[in-house]
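Here the working numbering is used: the first residue of the sequence shown is 12, the next is one more, and so on.
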Amino acid sequence: MEATSINQVDWKFQKGVARPVMPRKFPFVSGFDLAGEIVELGAGVSEFKPGDKVIAFNFPKGGGLAEYAVASASLTVARPPEVSAAQGACLPIAAVAALRSLQTAGVTLDDPAASPRKNVPVTAASGGVGHFAVQLARLGGHHVTATCGARNLGLVRDQLGADEALEAGLRDPPRAPRCGAPPGGSTTRWCTAQRRRGFPGPCSCGRSPTLAARSSTSRRGSRPASPRSSRWPPSPRRGWCRCW
């Protein structure tokens, strides 16, 4: 193992909050986002070789905080040379959640020139999932309106690239600001954190494991996004690789 990242699920395991899905046997080593080097392969694994730098999503087995971990080959990918171990270890949970949320909401990312430009509101934009959602939506050529804490407004706007960054939780938010009026776009209307838990738009990246704001206060016509689907997570095929 070279690096791992700490997500909410990790500390919830440690505190016993995730008791219904906790492992049945102890000791248990947490850390589900893995970045490391393959030192040994299981039977039937042909796409990797010892010495390969990889990233893996290892839920619920964990092991990221140990010296070695055993990961499913189907949930392991090669790590590009330009991506450091620390950067790679941030990707499996947070980045994939952001990607699946945008895809579920119908936000296309493949060809900006061939797809209509949309307004993409992202709440908690400076958080683990939110900061990936902002960058992915911008790479897809969409207009991003983000909310975050006051101290992170510059980060979200200037470094992550959001077109608009507004402070979350304002009691008197701006009135129906227009988000650049892209062709075929819509007007984004703001709601206060005290009255509504979710932003009326496709990507709500708050504390809930399910990213969608599912309360009845969501505006009609908004489509909540969630990384969960009938195919999530993918079923691992047989085989494993041990990373160091």
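Beta carbons: idealized from backbone N, C-alpha and C, even for Gly.
Quick caveat: nothing in here was measured; it's all calculated off a predicted structure.
Reference residue i, options the options, closest by Cα
i: Glu78; options: Thr156, Cys159, Glu13 and Arg149; result: Glu13
i: Thr134; options: Ser126, Phe143 and Arg128; result: Phe143
i: Thr156; options: Gln19, Gln146, Pro132 and Val140; result: Pro132
i: Leu86; options: Lys72, Ser95 and Arg128; result: Lys72
i: Ser112; options: Val94, Ala148 and Ser137; result: Ala148
i: Val118; options: Gly138, Gly151 and Ala100; result: Gly151
i: Ala46; options: Gly99, Pro61 and Ala161; result: Gly99
i: Ala80; options: Leu177, Glu178 and Thr15; result: Thr15
i: Phe39; options: Thr115, Gly75, Val140 and Leu110; result: Gly75
i: Ile49; options: Val107, Gly62, Phe43 and Gly42; result: Gly62
i: Phe43; options: Gly138, Gly139 and Cys101; result: Cys101
Exposed unless 16 or more other CB atoms sit within 10 angstroms - verdict on residue i
i: Ala54; result: exposed
i: Ser57; result: exposed
i: Asp122; result: exposed
i: Val20; result: buried
i: Phe37; result: exposed
i: Ala97; result: exposed
i: Ala161; result: exposed
Segment limits, alpha helix (DSSP H) that includes residue i
i: Asp44; result: First-last for Asp44: Asp44 to Leu52, but that is the beta strand (DSSP E), not the alpha helix (DSSP H).
i: Ser112; result: Val107 to Thr115
i: Ala157; result: Per DSSP, Ala157 belongs to no alpha helix (DSSP H); it is in the beta strand (DSSP E), His154 to Cys159.
i: Val20; result: Gln19 to Lys26
i: Val145; result: Gly139 to Leu150
i: Ala97; result: Ala96 to Gly99
Residue i, enclosing beta strand (DSSP E) - first and last residue
i: Lys64; result: Lys64 to Phe68
i: Leu88; result: In the sequence on display, residue 88 carries Val and not Leu. Note, Val88: beta strand (DSSP E), Thr87 to Ala89.
i: Val133; result: Asn130 to Thr134
i: Val40; result: Unbroken run through Val40: none, as it is neither H nor E.
i: Val118; result: Where Val118 is concerned, there is no enclosing beta strand (DSSP E), given that its DSSP letter is neither H nor E.
i: Ser83; result: Ala80 to Ser83
i: Glu175; result: Glu175 to Glu178
i: Ala14; result: Ala14 to Ser16
Nearest-angstrom beta carbon gap, residue j and residue i [assumed within contact, 8 Å]
i: Ala67; j: Ala82; result: 4 Å
i: Gly165; j: Gln146; result: At roughly 16 Å, the Cβ-Cβ gap does not stay under 8 Å, so Gly165 and Gln146 are not in contact.
i: Ala159; j: Ala136; result: This sequence places Cys at residue 159; Ala is not what is there. Correct: roughly 5 Å between the Cβ atoms.
Residue i to residue j span [Cα, whole Å]
i: Ala204; j: Val28; result: Any reading at Ala204 needs caution, since the residue's pLDDT is 33, under 50, leaving its predicted position unreliable; the model's value is listed next. Going by the C-alpha atoms only, they are around 25 Å apart.
i: Pro103; j: Asn163; result: 24 Å
i: Phe24; j: Asn69; result: 14 Å
i: Val65; j: Pro92; result: 10 Å
i: Pro31; j: Pro127; result: 43 Å
i: Glu175; j: Arg168; result: 6 Å
i: Lys129; j: Leu120; result: 11 Å
i: Ala84; j: Lys60; result: 11 Å
i: Ile17; j: Ala105; result: 10 Å
i: Ser41; j: Val107; result: 19 Å
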